[in-house]
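Q: In terms of this note's numbering, the sequence shown opens at residue 34 and continues consecutively.
We put the beta carbon where it would ideally sit given N, CA and C, even for glycine.
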Amino acid sequence: MDLMTILGLALGLTALLLSVVLEGGHITSLFSLPAFVLVFGGTIGATAVCFTLEELKSVPALLRIAFKEEKYDTGQLIATLVGFAEKARREGLLALEEDLAGIEDNFLQKGMQLVIDGTDAELVRSIMETELTFIQERHHKAASIFETAGGYAPTMGIIGTVMGLVHVLGNLTDTESLGPAIATAFIATLYGVASANIFFLPIGAKLKNRSSRQVLFHEVTLEGILSVQAGDNPRIVAEKLAAFLAPKQREIMKRDKSEA
């Protein structure tokens, strides 16, 4: 599980509830079934209008992605590609085919298979960049589902508050229940704003962050594949791909290489 996603959501919710307690309120006062039904039902309905059924079916999988920790070991990727470059220079590109079965990364496997099959370098780049573009498009669509929900939720909250106030103003003769009724009316706004800023928008941003990391990982992969195909010196391959790393990561990679 991704610890930061869990801690972030827990901290946001805890801060909200703690602020209510510190102000002398009761947490039970925040629960309102009508407000819950309107805000979350309305948000889901409005968001559903914006996307296809197939896209919405992916929401459970997207939540798993947001809560699942995924590590992109760029250092290990570079080591693998440098190993391919060394073997290709010694034995030729065809010798790499026996290594494809052990590759779990589908993007790397597909790119190396194209190279081994003798595909022209420009065509390899074109095919892999097209795939990368559609990966980015799918990720953007995934994040936009939660961003769209985050946009509708506060508005649904305001609608709920307005409806509650209309009900309150229609019963002004009952002065004793006027205060609690107004407070309850604003619970809908709280639900809308809080769900947008504590859950929907952060999850959308998390998915975008994951997408950026994966795309960078694949960009390193593509450059490495093309370097292997070109027959570049393994040392040049390592230096070229290290340019994608932060200075601290480069130092770690150099230290690991010297220790090896």
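#1: What are the start and end residues of each continuous alpha helix (DSSP H) run of 4 or more residues lying completely inside the stretch 176-252, in chain order?
#2: Determine the contact status of Phe250 and Thr38, defining contact as a CB-CB distance below 8 Å.
#3: Could you round the C-beta distance between Leu240 and Phe277 to whole angstroms and report it? I think they count as a contact, below 8 Å.
#4: Taking the C-alpha atoms as reference points, what is the distance between Ser62 and Glu88?
#5: Note down the Cα distance separating Pro187 from Ala128, rounded to an integer number of angstroms.
#6: Less than 8 Å separating the beta-carbons of Val261 and Leu114?
#7: Along the chain, where does the alpha helix (DSSP H) containing Met37 start, and where does it finish?
#8: Considering only the alpha carbon of each residue, which of Ala279, Arg268, Gly193 lies closest to Phe69?
#9: Which of the three DSSP states, helix, strand or coil, is assigned to Lys281?
#10: Answer yes or no: do Val253 and Leu110 have a C-beta to C-beta separation smaller than 8 Å?
#11: For Val157, count the other beta carbons within 10 Å of its own beta carbon; 16 or more makes it buried, fewer makes it exposed. Which is it?
#12: Anyone know if the C-beta pair for Thr80 and Tyr224 falls short of 8 Å?
#13: Please report the distance separating the alpha-carbon of Ile191 from that of Leu50.
#14: Assuming Thr61 is part of the alpha helix (DSSP H), what are its boundary residues?
#15: On a CA-only basis, which of Arg268, Lys281, Ile98 is nearest Ala112? Give me that one, please.
#16: Relative to the C-alpha of Met161, which candidate in Phe100, Leu202, Gln142 has its C-alpha closest?
#17: Taking C-alpha atoms, which residue in Gln247, Lys281, Gly264, Glu284 lies nearest to Phe140?
#18: Rounding to the nearest angstrom, what Cα-Cα distance links Ile77 and Asp138 in this structure?
#19: Indicate the three-state DSSP secondary structure (helix, strand or coil) for Asp132 in the structure shown.
#20: With a 10 Å radius around its C-beta and 16 neighbouring C-beta atoms as the bar for buried, classify Gly125 as buried or exposed.
#21: Could you check which residue in Phe117, Asp265, Ser159 has the C-alpha nearest to that of Ile149?
#22: My understanding is that Gly183 touches Ala229, with C-beta atoms under 8 Å, so please give their C-beta distance in whole angstroms.
#23: With a CB to CB cut of under 6 Å and the five nearest residues on each side skipped, what residues in its chain are close to Tyr295?
#24: What span of residues does the alpha helix (DSSP H) with Ala112 cover, start to end?
#25: What does a CB cutoff of less than 6 Å around Ile136 pick up in its chain, not counting 5 residues either side in sequence?
#26: Grab the span of the alpha helix (DSSP H) containing Gly144 for me, first residue to last.
A: Straight from the coordinates:
#1: You should have 211-218, 220-228.
#2: Between Phe250 and Thr38, the C-beta gap is not smaller than 8 Å, which leaves the two residues out of contact.
#3: 22 Å between Cβ atoms; not a contact.
#4: Those two C-alpha atoms are separated by around 36 Å.
#5: 59 Å
#6: yes
#7: Met37 -> alpha helix (DSSP H) spans 36-55.
#8: Gly193
#9: In this structure, Lys281 counts as helix in the three-state DSSP scheme.
#10: Yes, they are a contact pair.
#11: buried
#12: Cβ distance not < 8 Å, so Thr80 and Tyr224 don't count as in contact.
#13: 21 Å
#14: Thr61 -> no alpha helix (DSSP H), and no H or E assigned at all.
#15: Arg268
#16: Gln142
#17: That would be Gln247, whose Cα lies nearest to the Cα of Phe140.
#18: 35 Å
#19: In the structure shown, Asp132 sits in a helix (DSSP, three-state: H, G or I).
#20: exposed
#21: Phe117
#22: 4 Å
#23: As displayed, the chain neither begins before 34 nor continues past 293, which places residue 295 out of reach and without an answer.
#24: Ala112 -> alpha helix (DSSP H) spans 107-124.
#25: Gln142
#26: 139-149
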